[in-house]
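Only one structure is covered here, and it is reproduced in the block below.
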Amino acid sequence: MIANYGYEDGSGFYYITIDGDLCAKCVDHSCVAACPQGVYAIEMDDYDDFVAVVREVARKRLRELCSLCKGQNGGGGTERALPCTDACLAGALRHSW
Amino acid sequence: MAEEREYWRWSERSWQACETDWRSAAAITAGIDVGSVSSQAVLLADGKLLSFFSTRTGSSSPDSAVRAFNGASEPLGLSLEDVSYSLGTGYGRVNVPFADRTMTEIACHARGANFMAGPAVRTILDMGGQDCKVIRCDERGKVLNFIMNDKCAAGTGRGMEVIADVLSVPIEDIGRRSFEIDDEPPPVSNVCTVFAKSEATSLLRAGWSVNRVLAAYCAAMAQRVAGLIERMGVEREFFITGGIGKNIGVTRRIERLIGVEAVGLPADSILDPQVAGALGAALFAHSLHRKAQRS
Chain X
1 MIANYGYEDG SGFYYITIDG DLCAKCVDHS CVAACPQGVY AIEMDDYDDF
51 VAVVREVARK RLRELCSLCK GQNGGGGTER ALPCTDACLA GALRHSW
Chain G
1001 MAEEREYWRW SERSWQACET DWRSAAAITA GIDVGSVSSQ AVLLADGKLL
1051 SFFSTRTGSS SPDSAVRAFN GASEPLGLSL EDVSYSLGTG YGRVNVPFAD
1101 RTMTEIACHA RGANFMAGPA VRTILDMGGQ DCKVIRCDER GKVLNFIMND
1151 KCAAGTGRGM EVIADVLSVP IEDIGRRSFE IDDEPPPVSN VCTVFAKSEA
1201 TSLLRAGWSV NRVLAAYCAA MAQRVAGLIE RMGVEREFFI TGGIGKNIGV
1251 TRRIERLIGV EAVGLPADSI LDPQVAGALG AALFAHSLHR KAQRS
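Below, the structure written as structure tokens:
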């Protein structure tokens, strides 16, 4: 299952996409520790797989929470490396902005 | 003094398969969907639809869950002790006091839509009370991909309730009346529930008819949702769940914008798009109960 967490507002489209099928195969889930803002958590999904999710409290604040990492690597962008996407060896994580 | 009418107040819905003898069923399972605006309960007898009830969510999620369950069970003389497995879903799912398990409304709406509109359904739009989701699923109703926007209540059921009150139009008439216009007006510039209210009154003052304002609001809501659908992509068949699924003023305008007609329920169907989440929850409850019995 591919999950898109985030929101769209007047300033843009801020979503983190997690491919649950790829994520469920990962045993480390190092994305959770890699994120300095604590955006991710591991939860059992509706089909009983343990996958990364964007925590409920973070879902409406992604632009603000991710700005630190995006600023440090030269302004972010979907192609740039981020601590979370670097840590995700399964390639399950993607940012839309 | 005349009693003030609540134009936003939609009718509660209740249905029971009175001809079914639930006492002879091997298992009764329940699905409870506690949403931000409405709560539903669906009961199944051996996987077949037995009863459902849809009501407004109150200030307490546990009370709303109990009220929804009682509304579905009491006409049949059924009590909580008769239920083998119950599953909570929706915004208030963790507050369903008698649930054996909880699941997200995303999975439940997909499963419910699959049951209601058939296995050909691949894209589901759930237009809820305070959020909106687009879900892609397979032929079994398993979620493959989803996207949601719950940043604010703009363009959702709650926003429609506010507009019904502002314009003094019963909420169930909005869809029909939004087409009783000479030409389609431009959408209102803002579907934000707060700003739409002031924009609606400004348009009325500018001489617009109530129906024209309704059309402009429905069009703005459709435009907002169509953007989300297009980001996900539409694969046929397309089905709309949630309370707004009953508002043709919005649904037909969405169909026009995305160029795909939504699957409708048969005219004689007793089902309601608003109970899709609870129905999916009840179907999951049935499957999980059978699985537990086998193991």
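Protein chains in written order, with my numbering: chain X, 1 to 97; chain G, 1001 to 1295. Each residue gets a CB set at the ideal place from its N, CA and C atoms; glycine is no exception. In this text the structure is predicted, and so the values were computed from the model without any measurement.
Short CB-CB distance (under 9 Å) between residue i and chain G
| i | result |
| --- | --- |
| X:Ala-3 | yes |
| X:Phe-50 | no |
| X:Tyr-40 | no |
Interface partners of residue i on chain G, CB under 7 Å
| i | result |
| --- | --- |
| X:Glu-8 | Asn-1149 |
Amino acids of chain X, ordered along the chain, whose beta-carbon sits closer than 7 Å to that of residue i
| i | result |
| --- | --- |
| G:Met-1103 | Asp-46 |
C-beta atoms of residue i and residue j nearer than 9 Å
| i | j | result |
| --- | --- | --- |
| G:Pro-1029 | G:Ala-1267 | Note on residue identity: the sequence assigns Thr, not Pro, to residue 1029 of chain G. No. |
| G:Lys-1142 | G:His-1109 | no |
| G:Cys-1137 | G:Ser-1178 | no |
| G:Leu-1087 | G:Met-1103 | yes |
| G:Leu-1050 | G:Thr-1089 | no |
| G:Gly-1264 | G:Ile-1174 | no |
| G:Ala-1276 | G:Ala-1025 | no |
| G:Leu-1288 | G:Leu-1279 | no |
| G:Ile-1229 | G:Thr-1156 | no |
| X:Lys-60 | G:Lys-1151 | yes |
| X:Asp-45 | X:Val-57 | no |
| G:Pro-1062 | G:Pro-1097 | yes |
| X:Ser-96 | X:Thr-17 | yes |
| G:Gly-1129 | G:Glu-1105 | no |
| G:Ser-1189 | G:Ala-1226 | no |
| G:Arg-1196 | X:Tyr-47 | The residue asked about is misnamed: residue 1196 of chain G is Ala in this sequence, not Arg. No. |
Presumed contact (8 Å Cβ cut-off) between residue i and residue j, rounded CB distance
| i | j | result |
| --- | --- | --- |
| G:Asp-1131 | G:Asn-1149 | 7 Å |
| X:Tyr-40 | X:Cys-84 | 7 Å |
| G:Ser-1054 | G:Gly-1092 | That belief does not hold up - the Cβ atoms of G:Ser-1054 and G:Gly-1092 are roughly 15 Å apart, past 8 Å. |
| G:Arg-1224 | G:Ala-1117 | The Cβ separation is near 23 Å, so there is no contact. |
| G:Ile-1240 | G:Pro-1273 | 6 Å |
| G:Thr-1193 | G:Val-1213 | About 15 Å; that fails the 8 Å criterion. |
| G:Asn-1337 | G:Met-1160 | As shown, chain G starts at 1001 and ends at 1295. That puts residue 1337 of chain G outside it, with no answer to give. |
| X:Ala-81 | X:Cys-31 | Not really, about 13 Å apart at Cβ, beyond 8 Å. |
| G:Ala-1045 | G:Trp-1022 | 5 Å |
| G:Arg-1056 | G:Val-1034 | The Cβ separation is near 11 Å, so there is no contact. |
| G:Ile-1181 | G:Asn-1211 | 5 Å |
Any C-beta of chain X under 9 Å from that of residue i
| i | result |
| --- | --- |
| G:Ile-1106 | yes |
| G:Met-1127 | no |
| G:Gly-1035 | no |
| G:Met-1221 | no |
| G:Gly-1155 | no |
| G:Val-1143 | yes |
| G:Arg-1140 | no |
| G:Gly-1298 | Any answer about residue 1298 of chain G is impossible in this case: the structure gives chain G only from 1001 up to 1295. |
| G:Leu-1228 | yes |
| G:Arg-1231 | yes |
Per-residue contacts from residue i into chain X (C-beta, under 8 Å)
| i | result |
| --- | --- |
| G:Leu-1049 | Within 8 Å Cβ-Cβ: nothing; G:Leu-1049 doesn't reach chain X, min ~22 Å. |
| G:Phe-1146 | Met-1, Ile-2, Ala-3 and Asn-4 |
Listed by chain order, chain X residues near residue i by CB distance under 9 Å
| i | result |
| --- | --- |
| G:Asn-1095 | Correct list: empty, because the minimum Cβ distance to chain X is about 15 Å. |
Test: residue i CB closer than 9 Å to a CB of chain B
| i | result |
| --- | --- |
| G:Leu-1087 | This model lacks chain B altogether; the protein chains it does include are X and G. |
contact_flag[the region 1039-1046 of chain G, the region 1062-1076 of chain G] where n(CB pairs < 8 Å) is 3 or more: yes
Inter-stretch contact at 8 Å, needing at least 3 Cβ pairs: the region 20-29 of chain X / the region 1004-1024 of chain G: no
The region 1193-1206 of chain G contacting the region 1227-1240 of chain G, beta-carbon criterion three pairs below 8 Å: no
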